[in-house]
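Read left to right, the sequence shown gives residues 8 to 592 (this note's numbering). Idealized CB from N, CA, C, for every residue including glycine. Data first, discussion second: the structure below is written as structure tokens.
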Amino acid sequence: MGNIPKELIDDIRAKSDIVETVSSYIPLNKKGKNFVGLCPFHEDSNPSMSVNPERQIFKCFVCGEGGNVFTFIEKYEKSNFVSAVIKQARNLNIDMSRYETTSIKPVNKHKEKLFALMKDVQNFTSYQLKSKDGAAALEVLRQRGYPDEIIEKFGIGVALSGNQILKFLKAKGYTEEEMLSADIIRIGAQDLQDVFYQRIMFPINDQYGNTIAFSARALDQNSKVKYINTGESELYTKGNNIYNLDRVKKEFRNAETMIITEGVTDVFAFSMAGYDNAVSLLGVACSETQLQLIKRNTKSVLLAFDADKAGYDATFALGLKLSRMHIPLKIWYNDSSLDPDDLYKQKGKEAISKGIEEALGWFDFLLTYGIGLYGIDAFDDKRRLISFYLPHLENQDTLTQDFYLGQLSKVSGFDVLTLKAQLRNTNAPIENYETQTAPVVENYNDALYTQNIPRAELEILNQMILSKEATQIFSKSLGFLPNELAQETALLIQNVYRTQDHLDLADVLSNELSDKMRKFILELEDRLTFYAYEKEIVEENIEAIKQKMDSNNSSSMLNKLKLAQGKEEQSKLLDAILKRKNTRR
Numbered sequence: 008m009g010n011i012p013k014e015l016i017d018d019i020r021a022k023s024d025i026v027e028t029v030s031s032y033i034p035l036n037k038k039g040k041n042f043v044g045l046c047p048f049h050e051d052s053n054p055s056m057s058v059n060p061e062r063q064i065f066k067c068f069v070c071g072e073g074g075n076v077f078t079f080i081e082k083y084e085k086s087n088f089v090s091a092v093i094k095q096a097r098n099l100n101i102d103m104s105r106y107e108t109t110s111i112k113p114v115n116k117h118k119e120k121l122f123a124l125m126k127d128v129q130n131f132t133s134y135q136l137k138s139k140d141g142a143a144a145l146e147v148l149r150q151r152g153y154p155d156e157i158i159e160k161f162g163i164g165v166a167l168s169g170n171q172i173l174k175f176l177k178a179k180g181y182t183e184e185e186m187l188s189a190d191i192i193r194i195g196a197q198d199l200q201d202v203f204y205q206r207i208m209f210p211i212n213d214q215y216g217n218t219i220a221f222s223a224r225a226l227d228q229n230s231k232v233k234y235i236n237t238g239e240s241e242l243y244t245k246g247n248n249i250y251n252l253d254r255v256k257k258e259f260r261n262a263e264t265m266i267i268t269e270g271v272t273d274v275f276a277f278s279m280a281g282y283d284n285a286v287s288l289l290g291v292a293c294s295e296t297q298l299q300l301i302k303r304n305t306k307s308v309l310l311a312f313d314a315d316k317a318g319y320d321a322t323f324a325l326g327l328k329l330s331r332m333h334i335p336l337k338i339w340y341n342d343s344s345l346d347p348d349d350l351y352k353q354k355g356k357e358a359i360s361k362g363i364e365e366a367l368g369w370f371d372f373l374l375t376y377g378i379g380l381y382g383i384d385a386f387d388d389k390r391r392l393i394s395f396y397l398p399h400l401e402n403q404d405t406l407t408q409d410f411y412l413g414q415l416s417k418v419s420g421f422d423v424l425t426l427k428a429q430l431r432n433t434n435a436p437i438e439n440y441e442t443q444t445a446p447v448v449e450n451y452n453d454a455l456y457t458q459n460i461p462r463a464e465l466e467i468l469n470q471m472i473l474s475k476e477a478t479q480i481f482s483k484s485l486g487f488l489p490n491e492l493a494q495e496t497a498l499l500i501q502n503v504y505r506t507q508d509h510l511d512l513a514d515v516l517s518n519e520l521s522d523k524m525r526k527f528i529l530e531l532e533d534r535l536t537f538y539a540y541e542k543e544i545v546e547e548n549i550e551a552i553k554q555k556m557d558s559n560n561s562s563s564m565l566n567k568l569k570l571a572q573g574k575e576e577q578s579k580l581l582d583a584i585l586k587r588k589n590t591r592r
């Protein structure tokens, strides 16, 4: 069994969904932002294991077991780390034959069969589109402005009448139960029949590239039902998937910017304009799972919903969620009444590019949106606008506040000082981080390694996990932590940042770690309350550690001074103490 490169291990981990993997072993239920289930690593009658989709880690709050997706497979199957990596790679259809010596059974054979079924449907409908019978449908696509490259790239096909998909799948040996499970056929008035017929077929893939559903558009322009989609199935839950995310992940690992659109054809429009980083929510609703998928796979977001009231309302609703998650955000500028697809068809890629180049900042959009909601004609209109807008500025830095208070002053006519006073009244008191205490996990049987480590060291480690800049500041200004376990963790984090700009805790846990180190890192995640990088926190805690170390060193020197023999030795030690004090002034 060959050594697996670290880059490949990280890639497999990044493509994994820990919730999906763990739920293939044990039942999980959603609880808040996380999922919970009975811990398989101790006798558990009350669900005590939590799976965090954002951090891609699991943790039991009773026995203390935890880690990333590889750790779970390794512990559950009582295998080793390499076997766990290979097993997960097989789950993702990644070829690992050069690294394995024995075959590994798939986690869920039934699910793999359904994946194969859906892939066969996608291939069949794509073939049908290129056949003589599909010529009319192909012409419709071309007339609507979709070139052959886009048709091929996104696997577009056609479902024709006559239950052809049902007949094809039967010939391939699939059972009716499997077809029903994938929502490809349904029980009609007299017999089984295709769900999709006389429709253009747009395949929907999960984030790993497996076809799991279809969005299908009627060929007949007069059809009362323009689009129908695969219903909830064993493979597909709408709120758990994002259209085209698999291609974006493949081409842009942790993309700089992800363009989020409403529909499938909007993704085509951006792609034809040269932007392959667009995805679709297949509507405007965005679930918690989709939010976490967005956060894990991009550094910033450009929202490009339709240019109508429903689109603006959806932009505001989703933008609010993204901003609260500290995801940098811009809004695609579109002064037409057209959606991205129609805009591209009518005005070409220049219009798409212009909307990106002139994208609005989040606070610019909020001001425009607020004016649209309330107007600025009457005094009451302006007062409602101010009441709407100011709360969004309350936790922003001074520069942001000053600039946008100036913008608000221009449109409302109120003096900036008046608006500042109103903003101060809006602000809720913010607790200073120094007064915060770390939450202690209840019912945790093992010793908490973090309890014996100074808060300043823990906060520095937390900030280093969140930001490469924090790690650079630490390396330059301090370089080490007094506690041995904290120092070992700092070195581990520094090593990750040598080859990448972003750190996922789940990737850190892919290293060969002792149980003590792994549990310490998981505790660090549990017990600290900061989830956004703040440079001041790093600098203040570094200063606190330096002062503590200097105080300890001075105390040690004073003790030596008392025990020193002779005036010469006493004079040297006193000199050293005074020099140390002077350098701290």
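### Query
Who pairs with Tyr250 in a beta bridge, going by DSSP?
Position 243 of the sequence shown holds residue 250. For Tyr250, which the question treats as bridged, DSSP gives the partners Ser287.
### Query
Among Gln554, Asn469, Ser521, which residue has its Cα nearest to the Cα of Glu541?
Walking along the sequence shown from the start, residue 541 turns up at place 534. Looking only at Gln554, Asn469, Ser521, the smallest Cα-Cα distance to Glu541 is reached by Asn469.
### Query
Which class does Asp127 belong to by DSSP, given the choice of helix, strand or coil?
Along the sequence shown, one-based indexing puts residue 127 at 120. Three-state DSSP puts Asp127 in a helix.
#### Entry: Secondary structure, beta strand (DSSP E): runs of 3+ residues fully inside the segment 172-256
DSSP runs (the beta strand (DSSP E)) wholly in the segment 172-256: 192-194, 199-201, 206-212, 218-225, 234-236.
### Task
May I ask you to report which of helix, strand or coil DSSP gives Ile163?
On the sequence shown, residue 163 is found 156 positions in, with the first residue counted as 1. Three-state result, Ile163: coil.
### Query
Alpha carbon to alpha carbon, how far is Phe487 from Glu61?
What you label residue 487 is simply residue 480 of the sequence shown in a count that begins at 1. What you label residue 61 is simply residue 54 of the sequence shown in a count that begins at 1. Looking at the two C-alpha atoms, the distance is approximately 29 Å.
### Query
Between the C-alpha atoms of Arg105 and Asn10, what's the straight-line distance to the nearest angstrom?
Residue 105 sits at position 98 when you count from the first residue of the sequence shown. Residue 10 sits at position 3 when you count from the first residue of the sequence shown. Computed Cα separation, rounded: 10 Å.
#### Entry: DSSP three-state assignment for Ala366, whether helix, strand or coil
In the sequence shown, counting from the first residue as 1, residue 366 sits at position 359. Here Ala366 sits in coil by DSSP.
### Query
In terms of residues, what are the limits of the beta strand (DSSP E) holding Met56?
Mapped onto the sequence shown, residue 56 falls at position 49. For Met56, the uninterrupted beta strand (DSSP E) segment begins and ends at 56-59.
### Task
Quick one: using the 10 Å Cβ neighbour count with 16 as the cut-off for buried, is Glu81 buried or exposed?
For the purposes of this step, residue 81 is identified with residue 74 of the sequence shown, where counting begins at 1. Label assigned to Glu81: buried.
### Query
Should Leu406 go down as buried or exposed, given a rule of 16 or more other Cβ atoms within 10 Å for buried?
The residue given as residue 406 occupies position 399 in the sequence shown. It counts as exposed.
### Message
With distance defined between alpha-carbon atoms, name the residue in Phe175, Leu498, Arg149, Glu401 nearest to Ser126.
### Response
In the sequence shown, counting from the first residue as 1, residue 126 sits at position 119. Reading off the sequence shown, one finds Lys at residue 126, where the question assumed Ser. Of Phe175, Leu498, Arg149, Glu401, the residue nearest in Cα terms is Phe175.
### Task
Verify whether the separation of the beta carbon atoms of Asp17 and Asp508 is less than 7 Å.
Taking the sequence shown and counting its residues from 1, the one referred to as residue 17 is at position 10. Taking the sequence shown and counting its residues from 1, the one referred to as residue 508 is at position 501. For Asp17 and Asp508, no; Cβs fall outside 7 Å.
### Query
Val503 by DSSP, collapsed to three states: which one?
On the sequence shown, residue 503 is found 496 positions in, with the first residue counted as 1. Helix, per DSSP.
### Endpoints, beta strand (DSSP E) assigned at Ile64
In the sequence shown, the residue the question calls residue 64 occupies position 57. Unbroken beta strand (DSSP E) run through Ile64: 64-67.
### Buried or exposed by the 16-neighbour rule on C-beta atoms within 10 Å, applied to Tyr134
Along the sequence shown, one-based indexing puts residue 134 at 127. That one is exposed.
### Opening and closing residue of the beta strand (DSSP E) in which Lys306 lies
Taking the sequence shown and counting its residues from 1, one reaches residue 306 at position 299. No beta strand (DSSP E) contains Lys306, which DSSP labels as neither H nor E.
### Task
Measure the C-alpha to C-alpha separation of Asn502 and Ile472 and round it to an integer number of angstroms.
Here residue 502 refers to the residue found at position 495 when the sequence shown is read from its first residue. Here residue 472 refers to the residue found at position 465 when the sequence shown is read from its first residue. Our two residues, Asn502 and Ile472, have alpha carbons roughly 12 Å apart in a direct line.
### Query
Closest to Leu529 by CA distance: which of Leu288, Asn36, Ser57 is it?
As a working mapping, residue 529 is identified with position 522 in the sequence shown. Sorting Leu288, Asn36, Ser57 by C-alpha distance to the C-alpha of Leu529 places Ser57 at the top.
### Task
Report the three-state DSSP secondary structure of Leu264 (helix, strand or coil).
To locate residue 264, count along the sequence shown from 1; it is residue 257. As written in the sequence, residue 264 is Thr, which differs from the Leu given in the question. Coil.
### Query
When the Cα atoms are used, what is the spatial distance from Ala311 to Ala285?
Locating residue 311 in the sequence shown gives position 304, counting from the first residue. Locating residue 285 in the sequence shown gives position 278, counting from the first residue. Cα-Cα distance, rounded: 9 Å.
### Message
What residue range does the alpha helix (DSSP H) around Leu512 cover?
### Response
Numbered from 1 along the sequence shown, position 505 holds the residue referred to as residue 512. Boundaries of the alpha helix (DSSP H) harbouring Leu512: 512-515, taken from the DSSP string.
### Query
So what's Leu374 in DSSP terms, helix, strand or just coil?
Numbered from 1 along the sequence shown, position 367 holds the residue referred to as residue 374. Three-state DSSP puts Leu374 in a helix.
### Task
Have a look at Ile64, Asn251, Ala144, Met208 and flag the residue whose alpha-carbon is nearest the alpha-carbon of Gln297.
Here residue 297 refers to the residue found at position 290 of the sequence shown. Taking each of Ile64, Asn251, Ala144, Met208 in turn and checking the Cα distance to Gln297, the smallest one comes out for Asn251.
### Query
Based on the DSSP output, what are the partners of Lys337 in its beta bridges?
As a first step, residue 337 is located in the sequence shown; it is residue number 330 there, counting from the start. The partner list for Lys337 (beta bridge, DSSP) reads Leu309, Gly368.
### Task
Identify which residue in Arg206, Lys40, Ile194, Glu84 has its Cα closest to the Cα of Leu136.
Here residue 136 is taken as the residue at index 129 of the sequence shown, counted from 1. Out of Arg206, Lys40, Ile194, Glu84, Arg206 has the C-alpha closest to the C-alpha of Leu136.
### Task
Check whether the Cβ atoms of Ile383 and Val423 sit closer than 7 Å, and answer yes or no.
The sequence position of residue 383 within the sequence shown is 376, counting from 1. The sequence position of residue 423 within the sequence shown is 416, counting from 1. No. Outside cutoff.
#### Entry: Nearest to Ala366 (by Cα), restricted to the options Phe410, Lys177, Lys337
As a first step, residue 366 is located in the sequence shown; it is residue number 359 there, counting from the start. Among Phe410, Lys177, Lys337, the Cα nearest to that of Ala366 belongs to Lys337.
### Message
On the DSSP bridge list, what partners appear for Val43?
### Response
Within the sequence shown, numbered from 1, the residue matching residue 43 stands at position 36. Secondary-structure assignment with DSSP links Val43 through a beta bridge to Asn36, Ser57.
### Query
Near Ala551, what residues of its chain come up, given a Cβ to Cβ distance below 7 Å and the 5 sequence neighbours on each side ignored?
Here residue 551 is taken as the residue at index 544 of the sequence shown, counted from 1. Within the same chain, and ignoring the five residues on either side of Ala551 in sequence, the residues whose Cβ sits closer than 7 Å to its Cβ are Ala463.
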